[in-house]
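Trainee: To convert a position in the sequence shown, counted from 1, into the numbering used here, add 5.
The following block contains the structure, expressed as structure tokens.
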Amino acid sequence: MTPKIYIAQDPVLEEVLDTATDRLRAEGWEVVRGPQITPGVPLRLTGEQRQALLSDVDIIVASSRSRLSEADLDASPRLRALVFPTIGVDAVDLEACAARGLIVANGATPENFLAMSEATVMLMLVLLYRLHESERLLRENAGRPQQMYARMVRGRTIGLIGSGRIGAGVIERLLAFEPAQILVHDPFLTPDTAPTGVRLVERDALLTTCDVVSLHVPLNAQTRGMIGEAELRMMKPDAVLINTSRGGLIDEDALVRVMTAGHLAGAGLDVTETEPLPADHPLRGLDRVILTPHILGHTIDLYTVMPDVLVENATRIMKGDLPTYVRNPDVVERWRQKLNDLN
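Right, here's the structure in full:
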């Protein structure tokens, strides 16, 4: 039977998904492409679209700009897996996938997570050294400041909320800067499994202690809005906040209020609740905030390997082998049983 795969559209990953489509078709796969996506509006298939596009596919490929419902997962009796070209898989409910024995593959390559680790450390340096302020002084011929404002990473206390692959890469790179300490809050870690060189603490202790707070958790019902006004005001007045994970983790209205009142030395956001960020959003008016359009870790290196990994994951799945990168390894046995039932 000819493998059939649904590949969603994504204006950010257009070249990656088009390349993977061409390669799979060249190998004899039947590829169905999803509808066009309006930037800033996550795609949700209608019942009619679901019937036309998903009713007999073996694999679904999606990204964070799609939303997959349980009805989507039930549309094809042949469905065996979901494949994401990126690390993030928040477009689908992993528990719903587990209940159906569906394996979820992602693109957790070193080019993906280490690029984000490097970019996160870059944001820390830019914010602590207030690079944009130094640029402004030169552009405006303002001369040297009367009082220095840059701060070193060395001797600072750095905090990470969450510490998966990206967070671990951040920690590894930060250790070379000789911070005073690196604190981590992650309920999934124990002293035996925590990265070397860090101290595990409760979230509130991290927020009140750290000079830099960086978020490294997925977006779900438990983490949405986890940094609200109360949490922001817990932070030191001259602390900086970084989010290269997912928009929605921070209450952006609260962040605007707190920073407008003079609290926090800076924030670096590669992700926001609505993407692209509306032109009139008040975050754009804060000179202590660095905003980038969810591309900070999107390097040439990453986009070179993404089609390869997508095709490899899909090919392995159709052969009955585990994909190279598995997001839900606890489902493997149920997935193997599902494959036996399909065969």
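In this text, a Cβ means the ideal position worked out from N, Cα and C, and glycines have one as well.
How about Asn111 and Tyr330: are their beta carbons less than 7 Å apart?
Mentor: Locating residue 111 in the sequence shown gives position 106, where the first residue counts as 1. Locating residue 330 in the sequence shown gives position 325, where the first residue counts as 1. Yes, the pair counts as a contact, with Cβ atoms nearer than the cut-off.
Trainee: So the alpha helix (DSSP H) Leu132 belongs to, where does it begin and stop?
Mentor: Here the question's residue 132 lines up with position 127 in the sequence shown. Taken as a continuous stretch (DSSP letters only), the alpha helix (DSSP H) holding Leu132 covers Pro115 to Tyr134.
Trainee: Does DSSP classify Tyr330 as helix, strand or coil?
Mentor: Within the sequence shown, the letter at position 325 stands for residue 330. Coil.
Trainee: Of the residues Pro200, Val189, Asp275 and Asn348, which one's Cα is nearest the Cα of Leu212?
Mentor: As a working mapping, residue 212 is identified with position 207 in the sequence shown. Selected option, being the one with the closest Cα: Val189.
Trainee: Are there 16 or more other CB atoms within 10 angstroms of the CB of Ala235, so buried, or fewer, so exposed?
Mentor: Along the sequence shown, read from residue 1 onward, the residue named residue 235 stands at position 230. Ala235 comes out exposed.
Trainee: Under the assumption that Thr25 contacts Leu315 (Cβ atoms under 8 Å), give the Cβ distance between them as a whole number of angstroms.
Mentor: The residue you call residue 25 lines up with position 20 of the sequence shown. The residue you call residue 315 lines up with position 310 of the sequence shown. One point to set straight first is that residue 25 is Ala, not Thr, in the sequence displayed. Indeed, because the Cβ distance is near 5 Å, the residues count as touching under 8 Å.
Trainee: One question on the structure: do Pro281 and Gly45 come within less than 7 Å of each other, judged by their Cβ atoms?
Mentor: Residue mapping note: residue 281 aligns to position 276 of the sequence shown, counting from 1. Residue mapping note: residue 45 aligns to position 40 of the sequence shown, counting from 1. Contact: yes.
Trainee: Got a sec? Which residues, its chain only, sit under 6 Å from Thr119 by beta carbon, not counting five neighbours each side?
Mentor: The residue given as residue 119 occupies position 114 in the sequence shown. Reading off the sequence shown, one finds Leu at residue 119, where the question assumed Thr. Cβ within range, chain order: Gly174.
Trainee: Between the stretch 59-72 and the stretch 91-98, are three or more C-beta pairs nearer than 8 Å?
Mentor: Result yes; three or more Cβ-Cβ pairs closer than 8 Å.
Trainee: Please state if the CB of Ser219 and the CB of Leu165 are separated by a distance shorter than 7 Å.
Mentor: In the sequence shown, the residue the question calls residue 165 occupies position 160. In the sequence shown, the residue the question calls residue 219 occupies position 214. For Leu165 and Ser219, yes; Cβs fall inside 7 Å.
Trainee: Only counting runs of 3 or more residues, tell me where the beta strand (DSSP E) segments fall wholly within the stretch 57-122, in order along the chain.
Mentor: 64-66, 86-88 and 108-110
Trainee: Which same chain residues end up closer than 6 Å to Cys102 when comparing Cβ atoms and leaving out the 5 residues on each side of it in sequence?
Mentor: For the purposes of this step, residue 102 is taken as the residue at position 97 of the sequence shown. Within the same chain, Cβ atoms closer than 6 Å to the Cβ of Cys102 are found at Val109, the five residues on either side in sequence being excluded.
Trainee: Could you give the distance in angstroms between the alpha-carbon of Ala80 and the alpha-carbon of Lys343?
Mentor: In the sequence shown, residue 80 corresponds to position 75, counting from 1. In the sequence shown, residue 343 corresponds to position 338, counting from 1. Cα-Cα distance, rounded: 16 Å.
Trainee: If you measure between the beta carbons of Pro8 and Asp63, is that distance less than 7 Å?
Mentor: Here residue 8 corresponds to residue number 3 of the sequence shown, with the count starting at 1. Here residue 63 corresponds to residue number 58 of the sequence shown, with the count starting at 1. Yes. Within cutoff.
Trainee: Here's a check: name, in chain order, each residue in its chain whose Cβ is nearer than 6 Å to the Cβ of Gly3, leaving out the five neighbours to either side.
Mentor: Nothing about residue 3 can be read from this structure; the chain reaches only from 6 to 348.
Trainee: Decide if Asp209 is buried, meaning its Cβ has at least 16 other Cβ atoms within 10 Å, or exposed.
Mentor: The residue you call residue 209 lines up with position 204 of the sequence shown. It is exposed - the Cβ of Asp209 has fewer than 16 other Cβ atoms within 10 Å.
Trainee: With a threshold of 16 other CB atoms inside 10 Å of the CB of Phe193, please say whether the residue is buried or exposed.
Mentor: The residue labelled residue 193 in the question sits at position 188 within the sequence shown. Result: exposed.
Trainee: Measuring alpha carbon to alpha carbon, tell me which of Leu205, Ala13 and Leu260 ends up nearest Gln54.
Mentor: Here residue 54 is taken as the residue at index 49 of the sequence shown, counted from 1. That would be Ala13, whose Cα lies nearest to the Cα of Gln54.
Trainee: Quick test of your reading: Ile10 and Ala259, contact by CB under 8 Å. State the CB separation rounded to the nearest angstrom.
Mentor: Sequence index remark: in the sequence shown, residue 10 carries index 5 (1-based). Sequence index remark: in the sequence shown, residue 259 carries index 254 (1-based). With a contact defined as Cβ atoms closer than 8 Å, Ile10 and Ala259 miss out at about 42 Å.
Trainee: Met127 to Leu347, Cα distance in whole Å?
Mentor: Stepping through the sequence shown from its first residue, residue 127 is reached at position 122. Stepping through the sequence shown from its first residue, residue 347 is reached at position 342. Taking the straight line from one Cα to the other gives about 48 Å.
Trainee: Starting from the Cα of Glu317, find the closest Cα among Val88, Arg38, Pro16 and Gly39 and give me that residue.
Mentor: The residue you call residue 317 lines up with position 312 of the sequence shown. Here the closest residue by C-alpha is Val88.
Trainee: Could you round the C-beta distance between Leu179 and Val158 to whole angstroms and report it? I think they count as a contact, below 8 Å.
Mentor: The count along the sequence shown starts at 1 and reaches residue 179 at position 174. The count along the sequence shown starts at 1 and reaches residue 158 at position 153. Right, the Cβ-Cβ distance comes to about 7 Å (below 8 Å), so this counts as a contact.
Trainee: Apart from the five residues just before and just after Ala113, which ones in its own chain have a Cβ nearer than 7 Å to its Cβ?
Mentor: Taking the sequence shown and counting its residues from 1, the one referred to as residue 113 is at position 108. Same-chain partners within the cutoff: Ile92, Arg170 and Tyr330.
Trainee: For the candidate residues Ala199, Glu338, Glu100 and Ala244, whose alpha-carbon lies nearest to that of Leu132?
Mentor: As a first step, residue 132 must be located in the sequence shown, where it is residue number 127. Among Ala199, Glu338, Glu100 and Ala244, the Cα nearest to that of Leu132 is on Ala244.
Trainee: Which residue's Cα is closest to the Cα of Tyr154: Gly271, Leu22, Cys215 and Glu20?
Mentor: Within the sequence shown, the letter at position 149 stands for residue 154. It is Gly271.
Trainee: With Asp216 and Ile163 assumed to form a contact (beta carbons below 8 Å), what rounded beta-carbon distance in angstroms separates them?
Mentor: Position 211 of the sequence shown, counted from the start, is the residue given in the question as residue 216. Position 158 of the sequence shown, counted from the start, is the residue given in the question as residue 163. The Cβ separation is near 7 Å, so the contact holds.
Trainee: Hey, could you find the ends of the alpha helix (DSSP H) Gly174 is sitting in?
Mentor: As a working note, residue 174 is residue 169 in the sequence shown. Note, Gly174: alpha helix (DSSP H), Arg170 to Leu179.
Trainee: Which stretch, first to last residue, makes up the alpha helix (DSSP H) that contains Thr26?
Mentor: For the purposes of this step, residue 26 is identified with residue 21 of the sequence shown, where counting begins at 1. Run containing Thr26: Glu19 to Ala31, per the alpha helix (DSSP H) assignment.
Trainee: Glu116 and Asp306 look like a contact to me (Cβ under 8 Å); what is the Cβ gap, rounded to whole Å?
Mentor: As a working mapping, residue 116 is identified with position 111 in the sequence shown. As a working mapping, residue 306 is identified with position 301 in the sequence shown. The Cβ separation is near 5 Å, so the contact holds.
Trainee: Per DSSP, Tyr11 forms a beta bridge with which residues?
Mentor: Position 6 of the sequence shown, counting from 1, holds the residue named residue 11. The beta-bridge partner set that DSSP reports for Tyr11 consists of Val37 and Ile65.
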